[in-house]
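Participant: This structure is in structure tokens; I'll ask about it shortly.
2 protein chains.
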Amino acid sequence: MDLHAYIQSVGERARSASRLMARAETGAKNRALTAIAEALLQSRECLLEANAQDADHAQRRGQDAAFVDRLTLTTQSVQAMADGLREIAALPDPVGEISGLASRPSGIRVGRMRVPLGVIGIIYESRPNVTADAAGLCLKAGNAAILRGGSESLRSNQAIAACVRQGLRAGGLPEDAVQLVETEDRAAVGELIAMKQYVDVIIPRGGKSLIERISNEAKIPVIKHLDGVCHVYIDDAADLDKAIPIADNAKTQRYGTCNTLETLLVARAIAPRALPPLCAIYRDKGVELRGDSEARTLVPFMQAAQESDWYAEYLAPILAVRVVAGLDEAIAHIARYGSQHTDAIVTENYSHALRFLREVDSSSVMVNASTRFADGFEYGLGAEIGISTDKLHARGPVGLEGLTSQKFIVLGDGHVRT
Amino acid sequence: MDLHAYIQSVGERARSASRLMARAETGAKNRALTAIAEALLQSRECLLEANAQDADHAQRRGQDAAFVDRLTLTTQSVQAMADGLREIAALPDPVGEISGLASRPSGIRVGRMRVPLGVIGIIYESRPNVTADAAGLCLKAGNAAILRGGSESLRSNQAIAACVRQGLRAGGLPEDAVQLVETEDRAAVGELIAMKQYVDVIIPRGGKSLIERISNEAKIPVIKHLDGVCHVYIDDAADLDKAIPIADNAKTQRYGTCNTLETLLVARAIAPRALPPLCAIYRDKGVELRGDSEARTLVPFMQAAQESDWYAEYLAPILAVRVVAGLDEAIAHIARYGSQHTDAIVTENYSHALRFLREVDSSSVMVNASTRFADGFEYGLGAEIGISTDKLHARGPVGLEGLTSQKFIVLGDGHVRT
Numbered sequence: 001m002d003l004h005a006y007i008q009s010v011g012e013r014a015r016s017a018s019r020l021m022a023r024a025e026t027g028a029k030n031r032a033l034t035a036i037a038e039a040l041l042q043s044r045e046c047l048l049e050a051n052a053q054d055a056d057h058a059q060r061r062g063q064d065a066a067f068v069d070r071l072t073l074t075t076q077s078v079q080a081m082a083d084g085l086r087e088i089a090a091l092p093d094p095v096g097e098i099s100g101l102a103s104r105p106s107g108i109r110v111g112r113m114r115v116p117l118g119v120i121g122i123i124y125e126s127r128p129n130v131t132a133d134a135a136g137l138c139l140k141a142g143n144a145a146i147l148r149g150g151s152e153s154l155r156s157n158q159a160i161a162a163c164v165r166q167g168l169r170a171g172g173l174p175e176d177a178v179q180l181v182e183t184e185d186r187a188a189v190g191e192l193i194a195m196k197q198y199v200d201v202i203i204p205r206g207g208k209s210l211i212e213r214i215s216n217e218a219k220i221p222v223i224k225h226l227d228g229v230c231h232v233y234i235d236d237a238a239d240l241d242k243a244i245p246i247a248d249n250a251k252t253q254r255y256g257t258c259n260t261l262e263t264l265l266v267a268r269a270i271a272p273r274a275l276p277p278l279c280a281i282y283r284d285k286g287v288e289l290r291g292d293s294e295a296r297t298l299v300p301f302m303q304a305a306q307e308s309d310w311y312a313e314y315l316a317p318i319l320a321v322r323v324v325a326g327l328d329e330a331i332a333h334i335a336r337y338g339s340q341h342t343d344a345i346v347t348e349n350y351s352h353a354l355r356f357l358r359e360v361d362s363s364s365v366m367v368n369a370s371t372r373f374a375d376g377f378e379y380g381l382g383a384e385i386g387i388s389t390d391k392l393h394a395r396g397p398v399g400l401e402g403l404t405s406q407k408f409i410v411l412g413d414g415h416v417r418t
Numbered sequence: 001m002d003l004h005a006y007i008q009s010v011g012e013r014a015r016s017a018s019r020l021m022a023r024a025e026t027g028a029k030n031r032a033l034t035a036i037a038e039a040l041l042q043s044r045e046c047l048l049e050a051n052a053q054d055a056d057h058a059q060r061r062g063q064d065a066a067f068v069d070r071l072t073l074t075t076q077s078v079q080a081m082a083d084g085l086r087e088i089a090a091l092p093d094p095v096g097e098i099s100g101l102a103s104r105p106s107g108i109r110v111g112r113m114r115v116p117l118g119v120i121g122i123i124y125e126s127r128p129n130v131t132a133d134a135a136g137l138c139l140k141a142g143n144a145a146i147l148r149g150g151s152e153s154l155r156s157n158q159a160i161a162a163c164v165r166q167g168l169r170a171g172g173l174p175e176d177a178v179q180l181v182e183t184e185d186r187a188a189v190g191e192l193i194a195m196k197q198y199v200d201v202i203i204p205r206g207g208k209s210l211i212e213r214i215s216n217e218a219k220i221p222v223i224k225h226l227d228g229v230c231h232v233y234i235d236d237a238a239d240l241d242k243a244i245p246i247a248d249n250a251k252t253q254r255y256g257t258c259n260t261l262e263t264l265l266v267a268r269a270i271a272p273r274a275l276p277p278l279c280a281i282y283r284d285k286g287v288e289l290r291g292d293s294e295a296r297t298l299v300p301f302m303q304a305a306q307e308s309d310w311y312a313e314y315l316a317p318i319l320a321v322r323v324v325a326g327l328d329e330a331i332a333h334i335a336r337y338g339s340q341h342t343d344a345i346v347t348e349n350y351s352h353a354l355r356f357l358r359e360v361d362s363s364s365v366m367v368n369a370s371t372r373f374a375d376g377f378e379y380g381l382g383a384e385i386g387i388s389t390d391k392l393h394a395r396g397p398v399g400l401e402g403l404t405s406q407k408f409i410v411l412g413d414g415h416v417r418t
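Those protein sequences? They're chains A and B, same order as listed.
Sequential numbering of the first sequence, starting at 1, is according to my numbering.
Sequential numbering of the second sequence, starting at 1, is according to my numbering.
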């Protein structure tokens, strides 16, 4: 197979389909989403069989248990994919929304209309459920999607993609609106991220190394986050009845997510009251603590942190702890070591809260709330395709709006410029 | 000089300054803008002298008259720079604006806060007035700017940059908030557009070849437009009392701008009534017409268009003219040959107007108005740093808002995720 020619033809068909998708009615898109959900449920046996083959191959190729676990579909996960698509169908359609329409002194009226981005390339690892999620979000936002999943999940993805095509047909939409890159050849990714004329944006989902490579090599804009080194800062003016549950929840509610707390900062004045009870909770939950010398004098069972700990995204029951002089040092620490993902202050001090909100340059900045809230569902976006720590276009959890753009519209009545 | 080390140090200082700029108060920024305007007027003699040296050198290096003309400052253009800065001071500050703050079922309140992008690199040709405009817009939006003007205008830019620094000091803002790349070495551009860690976005202003090169080589996101192949489509349902003045104005009000009409499309049913009177106007104004065979049967003095004419951005008194079957063919022509800049329909038909607005995928889409309206001042943005034909982040004229981003803010009262 000529890989270049194959990916180019996928791109060309996606571009054509994107034109039809851009003008598709909301009802047609929702009918397609619902039909895909039904097709997934009806094809459950086929899906699980294809998936079992994928899992079997992965195991025989020596992939570890965690990998096979992420790859494996169950009756429940097929149901969850179908439910997710129905939820997307129930969200308002962002496309066509006109905002800010106002009259100008020249007599023209100027506003902005929300429009699809066009063609979106999604590159992800061997998690077949992403195939359905990503297809659904791109479709609802009026885009065409090119999906490139991990090669170990190809059979599962093909089975899901067949359901997606069936649903698109049922909605009267072009089948090419969602295409799967059906080759195990890893060079396909390189072709996809260079295809400027056919792809408008690339969204990689997966580990840091995958995303870093794609973002360095892509010739197309990439919406991404590399890592989540999230902070909670317990201010000297914190209410400990809020601070301790927040710092506990931010670290221990789930260890492996990008919005999990990785470095705890505590103001010197409150550290003697905050750290001992909080660290006892962590110890009871089996969290390994790595602190600076000041923190360790307060909590003797804490290990010594290295410089590298302040940069670490553990994704594990490990927490770095640092005592800081106060707000300024906390903000400076986050600016130096953070990853601009999600950072929270716990304080009752009005000025400190406002300064933290304004000055911390992260995609989500919080006051008196757990960093674990940073996701599309909690924020009311309905669903998310990922989180962006970039500053351009989309920042933070990216939902349907992040998959669209706005163009200017001008309404005149014969107006000319003088 | 070690160019790499020099540009890196410019970047590092810009990044530091950007942190102070992000928290600068509106009043300080406005005081600085006003002080820069005053400094420019007070230093007028120095500016004009430095500029005369630049112009002299450029002439001796064999630059043509148009080049020297763009480079040359006059008493009037210095006044215009000062006026422009005062206008920017009068615009509302976009930074800190909070929108969409709403309560979520969990009890947290989630909204978005508008924040600066950080460090903006502006690369432009030998037009010294861009130095003041770009500095002013970046400053007001709370960013640090690195300015790299054409090397033939270095002395002029240095004189203007001295006034900018003076104004920044007067406003109590860091002088490094606006830095000029003070070397004639063209390799400086390559260094600047690769400096990912210190520069958040590159905005190139100038000819298509400059922008194309920067956009291909940059490691940083670029906000740009390559060309403006703008269309006016006179629909079969057009009112000719509107269509003829609009098509005339869009082409002839100014020939050299990116929002000037380059290809006129006319519906077959109205062409016999529209083209003869309209083309007579064009002929009287000295516009060369290049049409397809059908247009030429209606207007005998029209020359024959080549395929390349449909792609052409003439920036000159030349116009391509094509007769199309109707709306669908017009939309298809624009999708194929257009540059997604600005396109207009003239029609009284409600459905045609809505379809054109929805389906034409350009940064500005207009009904019954001249394409010449596509700019930041006419749209009420107050000023513009450029026009973007990209879909991500900013589309169309880019004002202060396009120089900012939005982060999520979460207001809790001890909330944790369950």
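No residue lacks a Cβ here, since even glycine has one placed at the ideal position from N, Cα and C.
Contact between the stretch 122-142 of chain B and the stretch 11-31 of chain B is defined here as three or more beta-carbon pairs at a separation below 8 Å; is this criterion met?
Facilitator: Output reads yes: the stretch 11-31 of chain B touches the stretch 122-142 of chain B.
Participant: Since P245 of chain B is in the alpha helix (DSSP H), which residue starts that stretch and which ends it?
Facilitator: For the purposes of this step, residue 245 of chain B is taken as residue 245 along the second sequence, with counting starting at 1. It spans 240-252 - the alpha helix (DSSP H) in which P245 of chain B sits, taken as one unbroken run.
Participant: Which value, in whole angstroms, describes the spacing of the CA atoms of I203 of chain B and A344 of chain A?
Facilitator: Here residue 203 of chain B is taken as the residue at index 203 of the second sequence, counted from 1. Here residue 344 of chain A is taken as the residue at index 344 of the first sequence, counted from 1. Going by the C-alpha atoms only, they are around 33 Å apart.
Participant: Short of 9 Å Cβ to Cβ, which residues in the stretch 350-366 of chain A face chain B?
Facilitator: Under the 9 Å Cβ criterion, the stretch 350-366 of chain A contributes A353, R355, L357, R358, E359, V360, D361, S362, S363, S364, V365, M366.
Participant: Out of B:S153, B:R358, B:E378, B:E401, state which residue places its alpha-carbon closest to the alpha-carbon of K407 of chain A.
Facilitator: Translated into the one-based positions of the first sequence, residue 407 of chain A becomes position 407. Closest option to K407 of chain A, Cα to Cα, is B:R358.
Participant: From the DSSP secondary-structure annotation, give me the bridge partner or partners of D407 of chain B.
Facilitator: In the second sequence, counting from the first residue as 1, residue 407 of chain B sits at position 407. As written in the sequence, residue 407 of chain B is Lys, which differs from the Asp given in the question. Answer by DSSP bridge pairing, in chain order: B:M113.
Participant: Which residues bound the beta strand (DSSP E) around Y124 of chain B?
Facilitator: Counted from its first residue, the second sequence places residue 124 of chain B at position 124. Unbroken beta strand (DSSP E) run through Y124 of chain B: 119-124.
Participant: How far does the beta strand (DSSP E) with I223 of chain A in it reach, from first residue to last?
Facilitator: For the purposes of this step, residue 223 of chain A is taken as residue 223 along the first sequence, with counting starting at 1. Taken as a continuous stretch (DSSP letters only), I223 of chain A belongs to no beta strand (DSSP E), as it is neither H nor E.
Participant: Using only the alpha-carbon positions, how far apart do L73 of chain A and E307 of chain A sit?
Facilitator: Taking the first sequence and counting its residues from 1, one reaches residue 73 of chain A at position 73. Taking the first sequence and counting its residues from 1, one reaches residue 307 of chain A at position 307. Taking the straight line from one Cα to the other gives about 40 Å.
Participant: If you follow the alpha helix (DSSP H) that I202 of chain A is in, where does it begin and where does it stop?
Facilitator: Within the first sequence, the letter at position 202 stands for residue 202 of chain A. First-last for I202 of chain A: 201-205, but that is the beta strand (DSSP E), not the alpha helix (DSSP H).
Participant: Going along chain B in order, which residues have a C-beta closer than 9 Å to the C-beta of G437 of chain A?
Facilitator: No answer is possible for residue 437 of chain A: it lies beyond the span of chain A, which begins at 1 and ends at 418.
Participant: Bridge partners of D343 of chain A, per DSSP?
Facilitator: Residue mapping note: residue 343 of chain A aligns to position 343 of the first sequence, counting from 1. According to DSSP, which records beta bridges pairwise, D343 of chain A is partnered with A:H231, A:V365.
Participant: If the cut-off is 9 Å on Cβ atoms, which residues from the stretch 215-249 of chain A count as contacting chain B, listed in chain order?
Facilitator: Within the stretch 215-249 of chain A, the residues whose Cβ lies closer than 9 Å to some Cβ of chain B are N216, K219, P221, I223, D239, D241, K242, A243, P245, I246, D248, N249, listed in chain order.
Participant: Assign D284 of chain A to one of three DSSP states: helix, strand, or coil.
Facilitator: Here residue 284 of chain A refers to the residue found at position 284 of the first sequence. Correct three-state label for D284 of chain A: helix.
Participant: Count Cβ pairs between the stretch 196-210 of chain A and the stretch 66-84 of chain A that sit closer than 8 Å; are there 3 or more?
Facilitator: No, the stretch 196-210 of chain A does not touch the stretch 66-84 of chain A.
Participant: Is it true that the CB of N249 of chain A sits closer than 8 Å to the CB of A374 of chain A?
Facilitator: Reading the first sequence from its first residue, position 374 is the one you call residue 374 of chain A. Reading the first sequence from its first residue, position 249 is the one you call residue 249 of chain A. For A374 of chain A and N249 of chain A, no; Cβs fall outside 8 Å.
Participant: Taking buried to mean at least 16 other C-beta atoms within 10 Å of its own C-beta, is Y350 of chain B buried or exposed?
Facilitator: As a working mapping, residue 350 of chain B is identified with position 350 in the second sequence. Its Cβ having fewer than 16 others within 10 Å, Y350 of chain B is exposed.
Participant: CB-CB under 7 Å to G286 of chain A, same chain, minus the five flanking residues each way: which ones, in chain order?
Facilitator: In the first sequence, residue 286 of chain A corresponds to position 286, counting from 1. Cβ neighbours of G286 of chain A beyond the five flanking positions: P317.
Participant: Let me see if you follow: with CB-CB separation under 8 Å, is H333 of chain A close to chain B or not?
Facilitator: Your numbering for residue 333 of chain A matches position 333 in the first sequence. H333 of chain A does not count as touching chain B.
Participant: Just to make sure I have the definition right: I need the residues of chain A whose C-beta is within less than 8 Å of the C-beta of R417 of chain B. Which are they?
Facilitator: Here residue 417 of chain B is taken as the residue at index 417 of the second sequence, counted from 1. Correct list: N249, Q253, S370, R372, F373, E378.
Participant: At a Cβ threshold of 8 Å, is H341 of chain A touching chain B?
Facilitator: Looking up residue 341 of chain A in the first sequence gives position 341. No, H341 of chain A lies away from the interface with chain B (no Cβ there is under 8 Å from its Cβ).
Participant: Can you confirm whether S106 of chain B, when its beta carbon is compared against all beta carbons of chain A, has any partner nearer than 8 Å?
Facilitator: Position 106 of the second sequence, counted from the first residue, corresponds to residue 106 of chain B. S106 of chain B counts as touching chain A.
Participant: Report the neighbours of H57 of chain A on chain B: residues whose CB is nearer than 7 Å to its CB, in chain order.
Facilitator: Numbered from 1 along the first sequence, position 57 holds the residue referred to as residue 57 of chain A. Result: empty, since nearest Cβ-Cβ is about 37 Å, beyond 7 Å.
Participant: So the beta strand (DSSP E) S388 of chain B belongs to, where does it begin and stop?
Facilitator: Locating residue 388 of chain B in the second sequence gives position 388, counting from the first residue. It spans 386-388 - the beta strand (DSSP E) in which S388 of chain B sits, taken as one unbroken run.
Participant: What distance in whole Å lies between the Cβ atoms of G111 of chain A and L192 of chain A, which are believed to be in contact at a cut-off of 8 Å?
Facilitator: Locating residue 192 of chain A in the first sequence gives position 192, where the first residue counts as 1. Locating residue 111 of chain A in the first sequence gives position 111, where the first residue counts as 1. Wrong, their Cβ atoms sit about 35 Å apart, outside the cutoff.
Participant: Compile a chain-ordered list of the residues in the stretch 392-406 of chain A whose CB is closer than 7 Å to at least one CB of chain B.
Facilitator: The residues in question are L392, H393, R395, G396, S405, Q406.
Participant: In three-state terms, what does DSSP make of E294 of chain A?
Facilitator: Residue 294 of chain A sits at position 294 when you count from the first residue of the first sequence. Helix.
Participant: Here's the rule: buried if 16 or more other CB atoms are within 10 angstroms of the residue's CB, otherwise exposed. What is E217 of chain A?
Facilitator: Here residue 217 of chain A refers to the residue found at position 217 of the first sequence. Counting Cβ neighbours within 10 Å, E217 of chain A comes out exposed, since fewer than 16 surround it.
Participant: List, in order along the chain, the chain A residues whose C-beta lies closer than 8 Å to that of L168 of chain B?
Facilitator: Residue mapping note: residue 168 of chain B aligns to position 168 of the second sequence, counting from 1. Those within 8 Å of L168 of chain B in chain A number zero; the least Cβ separation is about 20 Å.
Participant: If you follow the alpha helix (DSSP H) that G136 of chain A is part of, which residue opens it and which one closes it?
Facilitator: Indexing the first sequence from 1 puts residue 136 of chain A at position 136. Element bounds for G136 of chain A: 129-140.
Participant: Terminal residues of the continuous beta strand (DSSP E) containing S153 of chain B?
Facilitator: Position 153 of the second sequence, counting from 1, holds the residue named residue 153 of chain B. No beta strand (DSSP E) contains S153 of chain B, which DSSP labels as neither H nor E.
Participant: Roughly how many angstroms separate the alpha carbons of I108 of chain A and D361 of chain A, rounded to a whole number?
Facilitator: Your numbering for residue 108 of chain A matches position 108 in the first sequence. Your numbering for residue 361 of chain A matches position 361 in the first sequence. So the alpha carbons of these two residues sit roughly 38 Å apart.
Participant: Hey, how far is the Cα of A305 of chain B from the Cα of R13 of chain A?
Facilitator: Stepping through the second sequence from its first residue, residue 305 of chain B is reached at position 305. Stepping through the first sequence from its first residue, residue 13 of chain A is reached at position 13. Each residue's alpha carbon lies about 30 Å from the other.
Participant: When burial is assigned at 16 or more other CB atoms within 10 Å of the CB, is E184 of chain B buried or exposed?
Facilitator: The count along the second sequence starts at 1 and reaches residue 184 of chain B at position 184. Per the 10 Å Cβ criterion, exposed.
Participant: If the cut-off is 8 Å on Cβ atoms, which residues from the stretch 16-27 of chain B count as contacting chain A, listed in chain order?
Facilitator: Answer in chain order: R19, A22, R23.
Participant: May I ask you to list the residues that DSSP assigns as paired with T263 of chain B?
Facilitator: As a working note, residue 263 of chain B is residue 263 in the second sequence. Answer by DSSP bridge pairing, in chain order: B:H231, B:A320.
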